[in-house]
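In this note's numbering, the protein residues as written are -19 to 328. Take a look at the structure below.
Here it is in structure tokens:
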């Protein structure tokens, strides 16, 4: 580690620290660090106890440090008043890129995965200074249609643009914003708004102007899975016996659930629980209550399932609002569309 915090709260580089009579601590985890010297004569700081920053660095691929440095330099091209590796003494944090504006803008580039706890801790600290905080991840994390925990953690939210991600391709020197992300979707076919911004001088103004602008989507027919085989597989899997029991408590079985729940491998950015379980439990509760599909009914069922710990919401460190209203709306439209399509009536 090339820099640490001294007793006065100042960021000190290792090459300058050997002449100082001071104790030092890590700017990330705040644990004590010691000054060491390599065989080549270079000074560096090392943790007395391993921390998250060590774990992350240990998992990095060769050359990742250079990628991170390049990413930060590209982020700093957004305006003339940017500053790299800016130290914020009030919160004892160093940010990748700081823009001296009103309000200030903080940009962080993540080329490796960090824990949800650390991400939340840093984001909350930044919020005490400014509301404009953007976490940009390397584009490699957005190459799969399968939702990962890291993808969920990096979700941003804008009142006009909805949920969105930010990815960077440092080789092509572009920032990509994936916005208007669907709340419930099938990985076989889903669409979102994709905006590509060239990371050239002054790119930040274009980036901020485009948030929340009008968008359009395409759609296509989804491939259907062999539903009977999927239902049997879930039914026989010991890991899902709790869900089978919960369906039984609601007066139904997996065989009686509509096929569309299992055809499309549904996923959600806002829910950790597998979506086939969520849709099955909501459907079963609707059947049991024999009530029409309304936002109010779904909201009551959803809140009950969350409180009963039968549905687990995703951890969203960067978002300061509850996702329940958005999930409820998505469930309503999903259920309403497929019931209307199949001419099925709840409670019949």
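C-beta: ideal position from N, C-alpha, C; glycine also.
* Asked: Using a Cβ-Cβ cut-off of 8 Å (strictly less than) and excluding sequence neighbours within five positions of residue 177, which residues of its own chain qualify?
  -> Numbered from 1 along the chain shown, position 197 holds the residue referred to as residue 177. Counting only Cβ-Cβ distances below 8 Å, and skipping sequence neighbours, we find 154, 155, 156, 157, 183, 186, 187 and 190.
* To do: With distances taken Cα to Cα, identify the nearest neighbour of residue 5 among 25, 54 and 68.
  => Working through the chain shown from its first residue, we reach residue 5 at position 25. Answer by Cα proximity: 25.
* Does the distance from the C-beta atom of residue 264 to that of residue 227 stay below 7 Å? -> Stepping through the chain shown from its first residue, residue 264 is reached at position 284. Stepping through the chain shown from its first residue, residue 227 is reached at position 247. Contact flag set, yes.
* residue 239 by DSSP, collapsed to three states: which one? -> One-based indexing of the chain shown puts residue 239 at position 259. Coil, per DSSP.
* To do: Answer yes or no: do residue 164 and residue 246 have a C-beta to C-beta separation smaller than 7 Å?
  => Numbered from its first residue, the chain shown carries residue 164 at position 184. Numbered from its first residue, the chain shown carries residue 246 at position 266. Their beta carbons are under 7 Å apart, which means residue 164 touches residue 246 by this criterion.
* Asked: Touching or not, the stretch 216 to 233 and the stretch 253 to 264, by the rule of three or more beta carbon pairs under 8 Å?
  -> yes
* Would you decide whether residue 209 is buried or exposed? Buried here means 16 or more other CB atoms lie within 10 Å of its CB. => Counting from one through the chain shown, the residue named residue 209 turns up at place 229. The residue in question, residue 209, is exposed, as its Cβ has fewer than 16 Cβ neighbours within 10 Å.
* Going by alpha carbons, who is nearest to residue 99 out of 130, 108 and 253? -> Taking the first residue of the chain shown as 1, we reach residue 99 at position 119. Ranking 130, 108 and 253 by Cα distance to residue 99 puts 130 first.
* Asked: What do you get for residue 14, buried or exposed, if any count of 16 or more other CB atoms within 10 angstroms of its CB means buried?
  -> Walking along the chain shown from the start, residue 14 turns up at place 34. It counts as exposed.
* Hey, is residue 150's beta-carbon within less than 7 Å of any beta-carbon in chain D? -> Looking at the structure shown, chain D is missing, and only one protein chain is on hand.
* Using alpha carbons as the reference points, say which of 207, -16, 107 and 181 lies closest to residue 83. => Position 103 of the chain shown, counted from the first residue, corresponds to residue 83. Minimum Cα distance to residue 83 is reached at 107.
* Please go through the same chain and pick out, in chain order, the residues whose beta-carbon is closer than 7 Å to the beta-carbon of residue -13, but skip the five residues on each side of it. => Sequence index remark: in the chain shown, residue -13 carries index 7 (1-based). 2 and 3.
* Asked: When the Cα atoms are used, what is the spatial distance from residue 94 to residue 69?
  -> Along the chain shown, one-based indexing puts residue 94 at 114. Along the chain shown, one-based indexing puts residue 69 at 89. Going by the C-alpha atoms only, they are around 22 Å apart.
* Where do the N-terminal and C-terminal ends of the alpha helix (DSSP H) with residue 332 fall, by residue? -> Look at the range of the chain in this structure, -19 to 328, and you will see that residue 332 is not part of it.
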